[in-house]
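Residue numbers (full-length UniProt numbering): 1 to 278. The beta-carbon is built from N, C-alpha and C at its ideal position, and this holds for glycine as well. What you are looking at is a predicted structure, and each value in this text was computed from that prediction instead of being measured. First comes the structure, then the notes that go with it.
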């Protein structure tokens with residue numbers, strides 16, 4: 001049995017299948033973990049959802065910002081964009097089943113190591129905000145997950161489109177607390193030195209001239225987390241893999257590569273991809 005971690009697929013189903021074929025992925029024994037943004041921009045988001053769902057207990061995915069947006073579009077809160085290429089899902093005969101399955105997926109996965117002397121990994125789409133330790137991140141993620149899985153999910157999807165509040169506080173309540181959680185776990189890239197989220201900048205860190213912006217994982221007062229943090233979302237990073245961080249979005253949909261790591265030995269598998277997004 002092997003455990004594979006994959007970056008943003010964004011509807012690039014054929015690329016995912018090709019990459020899995022290179023490692024002879026066994027759907028009955030191996031486990032596949034996906035760092036969010038299963039859908040959008042690529043040519044076949046419908047097949048991606050059907051495939052991951054078909055893996056059952058061997059397929060694991062966290063929700064990304066594009067996945068949440070698809071759910072909001074399906075509820076009629078946003079109009080579908082042609083560039084997202086997700087309309088096939090909205091007209092599919094198994095639409096309700098697929099969207100219900102997607103809504104049940106977590107914002108955070110914590111996979112403990114089987115080796116008592118080694119840490120495991122924590123996967124979210126964008127990362128863990130500097131003000132949270134692991135217990136806090138799990139608690140706040142679970143609060144949002146519970147609403148998405150309940151009859152109140154439409155209310156949350158309708159009201160999640162905001163960049164505020166930018167700074168975490170235990171005094172936040174209700175929708176403000178949920179919006180911060182969604183933004184931090186699915187949209188975050190840069191923070192200010194005090195840990196406040198910046199939702200505007202999408203550049204590679206080396207191109208940022210604003211000295212008040214730093215990548216979320218470089219905030220000096222970030223709460224320590226022992227486990228390896230696995231995330232996607234930030235293709236401009238170009239991929240980061242070390243003992244503390246695994247940034248696995250390497251821009252497959254933009255003509256970059258689809259990147260996968262085998263957790264047990266940290267071996268990296270990379271598939272060059274054609275440009276899918278226009």
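Thinking residue i and residue j are a contact (beta carbons under 8 Å), I'd like their distance in whole angstroms, please.
i: residue 146; j: residue 167; result: Incorrect: roughly 24 Å between the Cβ atoms, too far for contact.
i: residue 134; j: residue 225; result: 5 Å
i: residue 40; j: residue 85; result: 7 Å
i: residue 42; j: residue 12; result: 4 Å
i: residue 7; j: residue 250; result: 6 Å
i: residue 36; j: residue 73; result: So it is not a contact: roughly 17 Å between Cβ atoms.
i: residue 69; j: residue 10; result: 12 Å between Cβ atoms; not a contact.
i: residue 191; j: residue 208; result: So it is not a contact: roughly 12 Å between Cβ atoms.
Between the options, which has its C-alpha nearest residue i's C-alpha?
i: residue 276; options: 258, 136, 95 and 170; result: 258
i: residue 183; options: 7, 125 and 39; result: 125
i: residue 232; options: 34, 12 and 131; result: 34
i: residue 163; options: 152, 179 and 278; result: 179
i: residue 132; options: 169, 109, 156 and 97; result: 169
i: residue 129; options: 175, 3, 272 and 217; result: 217
i: residue 153; options: 264, 71, 270 and 240; result: 71
i: residue 256; options: 239, 262, 263 and 268; result: 239
i: residue 242; options: 229, 254, 252 and 234; result: 229
i: residue 92; options: 47, 119, 14 and 209; result: 47
i: residue 210; options: 223, 193, 234 and 175; result: 193
i: residue 45; options: 267, 253 and 264; result: 253
i: residue 278; options: 204, 269, 263 and 83; result: 83
i: residue 102; options: 148, 3 and 138; result: 148
i: residue 244; options: 23, 272 and 119; result: 119
i: residue 177; options: 57, 142 and 56; result: 142
From the DSSP secondary-structure annotation, give me the bridge partner or partners of residue i.
i: residue 198; result: 190
i: residue 246; result: 230 and 241
i: residue 59; result: 32
i: residue 270; result: 259
i: residue 251; result: 257
i: residue 275; result: 254
i: residue 215; result: 190
Determine the extent of the beta strand (DSSP E) in which residue i is found, giving its start and end residues.
i: residue 31; result: 31–34
i: residue 18; result: Residue 18 -> not in any beta strand (DSSP E); alpha helix (DSSP H) instead, spanning 13–22.
i: residue 70; result: Per DSSP, residue 70 belongs to no beta strand (DSSP E); it is in the alpha helix (DSSP H), 65–74.
i: residue 9; result: Looking at the DSSP string, residue 9 is not in any beta strand (DSSP E), and its letter there is neither H nor E.
i: residue 282; result: Only positions 1 to 278 of the chain appear in this structure, which leaves residue 282 out of reach.
Identify the continuous alpha helix (DSSP H) that holds residue i and give its terminal residues.
i: residue 38; result: Neither: residue 38 is in no alpha helix (DSSP H) and is coded neither H nor E.
i: residue 52; result: 45–54
Practice task
Counting only runs of 3+ residues fully inside the stretch 114–182, write out the beta strand (DSSP E) ranges in chain order.
Solution key: 121–123
Exercise for the section: Could you name each continuous alpha helix (DSSP H) segment of 4 residues or more that falls completely within the stretch 77–106, going from the start of the chain to the end? Expected result: 87–90 and 95–103
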